[in-house]
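Numbering (the working numbering), first residue to last: 761 to 1135.
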Ligand code: SF4
């Protein structure tokens, strides 16, 4: 009797035998068929198009991604066109999405597809996983959505759904718990593959998990009354939706301060390109430096950066933004020099406003550009 009770407690979903992964598949597929949002990348099974959408959707909301994806697919509709594109064009198409390494990896991967796979997107999971910038989640998403393979996916949305459904209180970042979640995700998609029904069951099951996490099983105030699997949900039953997933304590944000300078000479502005191997590599920006001093130190900072005493320094505005765990404040100044302007800035170029608009800038510096256009 005691042994029987122990076994029962170990079942996913806690105290009910109904809550096996297989039992969830039918309701999830039916719900997805009736409720899936009409997203542009869901109208195709082209692995290239799905790959681009998956990379863009990392850390970025659907509504932000849609215009980027549509523009990208117009400009670079195939792996071949991406492989051959100018790197500056690729960065420009990505401008504003952040995490620019993703754009560079896309192009490197497209070149590998041309060289190693005769221009055809590979279908085997291991070959997809071997492409630069593609991890286990993205390879699983591409193989399941484009090729209907039973490859699991586990991202933030799916982690939230699974920890709540199965009442998993341990931190999903811990190795053992993470492995358990991958195993549950695999059981679900493999059960979907066994459903005797024509269609894209593996694709739809994985997309149902993503969609449920994005639209119903949201981080705060999940809409459990709309959820197709609430009867099987441990968190709903035990009133623990606010406690799951247990992500531990958030890393404390680090404050960083920068000063950026707008220098103009005969209607052209001084900008510089970031070198390879650093954050935002190859993007353009207004000359700037990191500082711990107050905005009033603008003249001194300009002298340090340009190695020349400025004639006038005028504060323009302050830009605040957050990147990963950094809270960044950037004080922007317009600076003038008696001899026109300094030339001793590495990787620098003088550009007209029209030329500036063709270059790719990180968001904060694009903000400065917008501000100059309005002046
Ligand atoms: Fe999430 Fe609520 Fe559905 Fe459980 S019942 S999976 S908490 S939306």
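Think of the CB as a built atom: it goes at the ideal place given N, C-alpha and C, for glycine as much as any other residue.
| query | Is the number of C-beta pairs between the stretch 1025 to 1033 and the stretch 821 to 832 that are closer than 8 Å three or more? | reply | Not touching, per the Cβ criterion.
**Report entry** Contact with chain C by residue 785, beta-carbon distance below 8 Å
**Finding:** Among the protein chains of the structure shown there is no chain C, as only one such chain exists.
Q) How many angstroms separate the CA atom of residue 1143 from the CA atom of residue 879? A) Here the chain covers residues 761 to 1135 and nothing more, so residue 1143 does not appear.
Whole-angstrom distance between residue 815 and residue 898, CA atom to CA atom:
Taking the first residue of the chain shown as 1, we reach residue 898 at position 138. Taking the first residue of the chain shown as 1, we reach residue 815 at position 55. Their backbone Cα atoms lie some 8 Å apart in a straight line.
Check for me: the alpha helix (DSSP H) holding residue 808 runs from which residue to which? Position 48 of the chain shown, counted from the start, is the residue given in the question as residue 808. For residue 808, the uninterrupted alpha helix (DSSP H) segment begins and ends at 807 to 817.
* To do: Check whether the stretch 1050 to 1069 touches the stretch 988 to 1001, counting contact only when three or more Cβ pairs, one atom from each stretch, lie closer than 8 Å.
  => No: fewer than three Cβ pairs fall under 8 Å.
Closer than 7 Å to a non-hydrogen atom of the ligand SF4 - does that hold for the CB of residue 918?
Here residue 918 is taken as the residue at index 158 of the chain shown, counted from 1. No, the ligand SF4 has no heavy atom inside 7 Å of this Cβ.
Could you check the C-alpha separation between residue 875 and residue 865 for me, to the nearest Å?
One-based indexing of the chain shown puts residue 875 at position 115. One-based indexing of the chain shown puts residue 865 at position 105. Approximately 15 Å between the Cα atoms of the pair.
task: State the Cα-Cα distance for the pair residue 1016 and residue 1054, rounded to the nearest angstrom.
output: In the chain shown, residue 1016 corresponds to position 256, counting from 1. In the chain shown, residue 1054 corresponds to position 294, counting from 1. Distance between the alpha carbons of residue 1016 and residue 1054 is about 12 Å.
What residues match up with residue 1075 in a beta bridge as DSSP calls it? As a working mapping, residue 1075 is identified with position 315 in the chain shown. Its beta-bridge partners are 1093.
* Report the three-state DSSP secondary structure of residue 998 (helix, strand or coil). => Reading the chain shown from its first residue, position 238 is the one you call residue 998. Note: residue 998 maps to coil in three-state DSSP.
* Asked: Which of helix, strand or coil does DSSP assign to residue 971?
  -> For the purposes of this step, residue 971 is taken as the residue at position 211 of the chain shown. DSSP, reduced to helix, strand and coil, places residue 971 within a helical segment of the structure shown.
heavy atom of the ligand SF4 below 7 Å from residue 983 C-beta
Taking the chain shown and counting its residues from 1, the one referred to as residue 983 is at position 223. Relative to the ligand SF4, the beta carbon of residue 983 is positioned inside 7 Å of a heavy atom.
| message | Taking only three categories from DSSP, how would you classify residue 890? | response | Stepping through the chain shown from its first residue, residue 890 is reached at position 130. Residue 890: coil per DSSP, three-state reduction.
Problem set entry | Exposed unless 16 or more other CB atoms sit within 10 angstroms - verdict on residue 1099 | Numbered from 1 along the chain shown, position 339 holds the residue referred to as residue 1099. Within 10 angstroms of the beta-carbon of residue 1099 lie fewer than 16 other beta-carbons, which makes it exposed.
Same chain, Cβ closer than 6 Å to residue 1124, neighbours up to 5 away in sequence not counted
As a working mapping, residue 1124 is identified with position 364 in the chain shown. If the five residues before and after residue 1124 are omitted, its C-beta is found closer than 6 Å to the C-beta atoms of 1079, 1081, 1090, all from its own chain and listed in chain order.
Are the CB atoms of residue 918 and residue 969 within a distance shorter than 8 Å? Numbered from its first residue, the chain shown carries residue 969 at position 209. Numbered from its first residue, the chain shown carries residue 918 at position 158. The answer is yes: Cβ separation under 8 Å.
Report the residue from 1112, 798, 819, 833 whose alpha carbon sits nearest the alpha carbon of residue 967. As a working mapping, residue 967 is identified with position 207 in the chain shown. Of the listed residues, the one whose Cα sits closest to residue 967 is 798.
message = Under 7 Å: does the beta carbon of residue 921 sit that close to some heavy atom of the ligand SF4?
response = What you label residue 921 is simply residue 161 of the chain shown in a count that begins at 1. Result yes, Cβ under 7 Å from the ligand SF4.
Quick check on the burial criterion: 16 or more other C-beta atoms within 10 angstroms. Buried or exposed for residue 830? Working through the chain shown from its first residue, we reach residue 830 at position 70. When all chains shown are included, residue 830 counts as exposed.
In this structure, does DSSP put residue 1017 in helix, strand or coil?
-> As a first step, residue 1017 is located in the chain shown; it is residue number 257 there, counting from the start. Here residue 1017 carries a strand assignment [DSSP, helix/strand/coil].
Q) Which residues share a DSSP beta bridge with residue 1086? A) For the purposes of this step, residue 1086 is taken as the residue at position 326 of the chain shown. Beta-bridge pairing links residue 1086 to 1014, 1083.
- Message: Quick check: does the Cβ of residue 975 come within less than 7 Å of any heavy atom belonging to the ligand SF4?
- Response: Here residue 975 is taken as the residue at index 215 of the chain shown, counted from 1. Incorrect: residue 975 has no Cβ contact closer than 7 Å to the ligand SF4.
Alpha helix (DSSP H) containing residue 801: first to last residue? Residue numbering aside, residue 801 sits at position 41 when the chain shown is read from its first letter. Unbroken run through residue 801: none, as it is neither H nor E.
| Rounded separation between residue 1096 and residue 1046 - CA only | The residue you call residue 1096 lines up with position 336 of the chain shown. The residue you call residue 1046 lines up with position 286 of the chain shown. The straight-line gap separating the alpha-carbon atoms of residue 1096 and residue 1046 is approximately 14 Å.
- Item | Own chain partners of residue 767 with C-beta closer than 6 Å, once the 5 adjacent residues on each side are dropped | Mapped onto the chain shown, residue 767 falls at position 7. For residue 767, the predicted structure reports a pLDDT of 34, less than 50, and the residue's modelled location is therefore unreliable. The matter cannot be settled from this model.
- Go to residue 903, then tell me how far its alpha helix (DSSP H) extends in each direction, as first and last residue. Position 143 of the chain shown, counted from the start, is the residue given in the question as residue 903. Segment 896 to 907, the alpha helix (DSSP H) holding residue 903.
Inset, instruction - Taking residue 953 as part of the beta strand (DSSP E), name the residues at either end of that continuous run. - result: Looking up residue 953 in the chain shown gives position 193. Counting along the chain, residue 953 sits inside no beta strand (DSSP E); it lies in the alpha helix (DSSP H) bounded by residues 935 to 954.
Review point. Measuring CA to CA, which of 952, 955, 925 is closest to residue 941?
Key: Here residue 941 refers to the residue found at position 181 when the chain shown is read from its first residue. It is 925.
Q.
Spatial neighbours of residue 1007 within its chain, please: C-beta separation below 6 Å, excluding the five flanking residues on both sides.
A. Working through the chain shown from its first residue, we reach residue 1007 at position 247. Scanning its chain for C-beta atoms nearer than 6 Å, with the 5 sequence neighbours on each side dropped, one finds no residue around residue 1007.
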